[in-house]
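Comments concern the structure below.
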Amino acid sequence: MSATPAHSHSRSEPAYRQASGSGKAAPGRSPRLDLAAATSKTAIFKVSKWLHKYIGLGLILFMVWTSISGILMNHPGLVSGVSVPGWLVPPQYHVRNWNRSSLVTLEFSKRNPDVAYLAGKQGIWKTGDGYRNFTPMMDGLPRSQYYRKAKDLLLLEEESLLLAATEGGLYRCDLVSEKWYKIPLANKGEPVLRILHAGEKLIAVTPFHVYASPNPPATIAFRPLAIGRDEPQARVSLVKLFFDLHNGEAWGIGGKLLFDATGLILVFLSISAFYTWYFPWQKRRRKASRLLTNPRSRTVFKYMFKYHLKLGIWICAILLLIGGTGLFMRPPLLVALVGKDMPAGLYPGLHEDSPWNDKIQNALFDETTGELLLQCTDGFWQGNPQAGTVFRKADSTVPVFVMGSTVLEARTDGALVGSFNGIYNWNRNTNAATDVLNERAANGVSPVRPAEIMVTGYFRTPVGEEFITAHEQGLLPLRGAALNGRFQMPSELLDDFRLPLWNYLFEIHNGRFFQDLVGTWYLLIVPLGSLLFVVITLSGLYDWLYLNVLHRLKAGNGL
């Protein structure tokens, strides 16, 4: 945003000579005071110009990759049909032993114990040989690998139906034809998190709403439930606020498009910054070699320099907002936002009237109490799943990672709760949480520091064997269970692995993509890059003000 060496020298040098006393002092002021003030501003300008130039050059790749990935991530529908072949994906992302959420749950047949249905990020699979081999069961699901990611299954054998909660919505499958059909919901485009039996109802839960349909389903027709929250004032978490400010979602589609345009301009600023440094450098080299400079290169330089300044100052405020919120997208500063919220009335943009707006992360139905338990970004809420119910907040000591729970299963005395913090038995009568893996009480577990075993899924076989899946380790037996050659990954996932482009871009955008290269230092890529981005934006703003405001004021005062 500031001047480049070639141009800034031609403009700042006269300003410096004027500030050094080549003109007359303003009436009533000491020439020495004027000289000291002008010299101080000039010294700050030189430092600011140096910071903008060299930090900006070092940050070009960071700004380009975060801009392009951010634009595409803002519109998953545009890239949902594209996936990246395995040879372009770092080894850490390839699926092994059902890791990386490729298996989150299994739904077992009660009629035939050898049959089960598997759900995970790689879609839905079926086994009919005692869980040894799995074949794809995705006829009718979206062709997009991004939208066919399955999060939950519910088997209704009496009706010969299988229901699936997916990133692309709610689906039903006729078990005779094994073909999937989409179930429309009142609010289109919502991912579905859970499908639950709830007495005389079937419950479908999304991040925004709770839907209900009669059970048994003579005709499947899910309708949204108007359920409230027992809180004095609707609130928005600071995590959501900062993320929505970062990508423009706070102002709806208009905000996203504005931030997309800003991202495109930032790509231009990055390219023009490099060229306005490279052209003078090349010009000096050619002059030393007595070679002529290409006139076209000079024209390109003038164009890029002119619009680098103009566009940079026009979008400066948005750049500061993007960079400032980017500081909090990853640890360590993310910790400052977790668990904190603000009144929804202070939310700066568009906000849905629903009290559950983008808060729900998981759910279970407690058959003993007849209540629905919703795990949200601001804790657990419980109530009767019928229209008009007001849910109340539940006391909880169970650790849940900031991204939400991946396992939430009912127990006679409470719930089994799993997340990237591990997996815990939560006794809701005593409000005590015990680590399932080491049987120790859960104390002092950070919601932003992942455990060694980051739990992504859980299932229990018809004979009572328990298994979990972990993000890195994959399928792990619990309490003496054994694999015994079962649960083999299909060759399609091992030999033809692909990663949805949106997820690929997300891993690049948050810096985790580079973990194999820099180790745990990858955690600092986003916060450090954001901090330096704020520095070059502020320095560019100061340079522009110095050359276009302070310089003119000095000239007008005769300094």
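According to this note's numbering, the residues represented by the sequence shown are 4 to 562, in order. Yeah, the Cβ is synthetic: ideal placement off N, Cα and C, and Gly gets one too.
query: Inter-residue Cα distance where the pair is Tyr306 and Arg299; result: 11 Å
query: Residues that DSSP places opposite Arg135 in a beta bridge; result: DSSP output for Arg135 lists no bridge partner at all.
query: Three-way DSSP call (helix, strand, coil) for Phe211 in this model; result: coil
query: 8 Å CB neighbourhood of Phe277 in its chain, flanking five on each side removed; result: Leu60 and Ile63
query: Spatial neighbours of Asn250 in its chain, beta-carbon cut-off 7 Å, leaving aside the 5 residues before and after; result: Gly73, Asn77, Lys259 and Phe262
query: Straight-line Cα distance separating Gly467 from Gln378; result: 26 Å
query: Contact between the region 435 to 443 and the region 390 to 398 (3+ Cβ pairs under 8 Å); result: no
query: Inter-residue spacing [alpha-carbon to alpha-carbon] between Asn441 and Thr523; result: 26 Å
query: Gly231 versus Glu355: straight-line alpha-carbon distance, rounded; result: 14 Å
query: 8 Å Cβ cutoff met for His200 and Phe65; result: no
query: Three-way DSSP call (helix, strand, coil) for Trp280 in this model; result: helix
query: Distance cut-off 7 Å: Leu261 Cβ against heavy atoms of the ligand NAP; result: Annotation note on the ligand NAP: not contained in the displayed structure, which lists no ligands.
query: Per DSSP, cross-strand counterpart(s) of Asp177; result: Leu164 and Lys182
query: Rounded separation between Leu534 and Ser86 - CA only; result: 32 Å
query: Local conformation of Ser105 per DSSP, three classes; result: coil
query: Element boundaries [beta strand (DSSP E), containing Lys129]; result: Gly126 to Thr130
query: Proximity of Gly460 and Ser104 at Cβ, strictly below 8 Å; result: yes
query: Assigned exposure category for Tyr545 - 16 Cβ within 10 Å defines buried; result: buried
query: C-beta atoms of Pro402 and Pro480 nearer than 8 Å; result: no
query: Tyr150 in three-state terms, based on DSSP; result: coil
query: Opening and closing residue of the beta strand (DSSP E) in which Asp498 lies; result: First-last for Asp498: Ser494 to Asp498, but that is the alpha helix (DSSP H), not the beta strand (DSSP E).
query: Ser180 burial status per 10 Å Cβ neighbour count (16 or more: buried); result: exposed
query: Alpha-carbon to alpha-carbon, Trp547 and Ile316; result: 8 Å
query: Close-in-space but distant-in-sequence residues of the same chain around Glu161 (CB under 7 Å, 5 per side omitted); result: Pro219
query: Inter-residue spacing [alpha-carbon to alpha-carbon] between Gly202 and Arg333; result: 41 Å
query: Touch test, the region 488 to 495 against the region 125 to 139, Cβ-Cβ under 8 Å, three pairs minimum; result: yes
query: Contact belief for Tyr120 with Leu109 at Cβ below 8 Å, rounded distance in angstroms; result: 7 Å
query: Contact check, Arg501 vs Gly126, beta carbons under 8 Å; result: no
query: Asp155 burial status per 10 Å Cβ neighbour count (16 or more: buried); result: buried
query: CA-to-CA distance, Leu337 to Asn428, given in whole angstroms; result: 27 Å
query: Tyr549 versus Val50 - alpha carbon distance; result: 12 Å
query: Touching by the beta-carbon criterion (3+ pairs, under 8 Å), the region 223 to 241 and the region 184 to 192; result: yes
query: Span of the beta strand (DSSP E), counted from its first residue to its last, around Tyr120; result: Ala119 to Gly123
query: As assigned by DSSP and simplified to three states, the class of Glu170; result: coil
query: Cutoff 6 Å; reference Asp233; Cβ partners in own chain excluding five residues on either side; result: Val393 and Arg395
query: Cβ neighbour criterion (16 or more within 10 Å) applied to Lys243; result: buried
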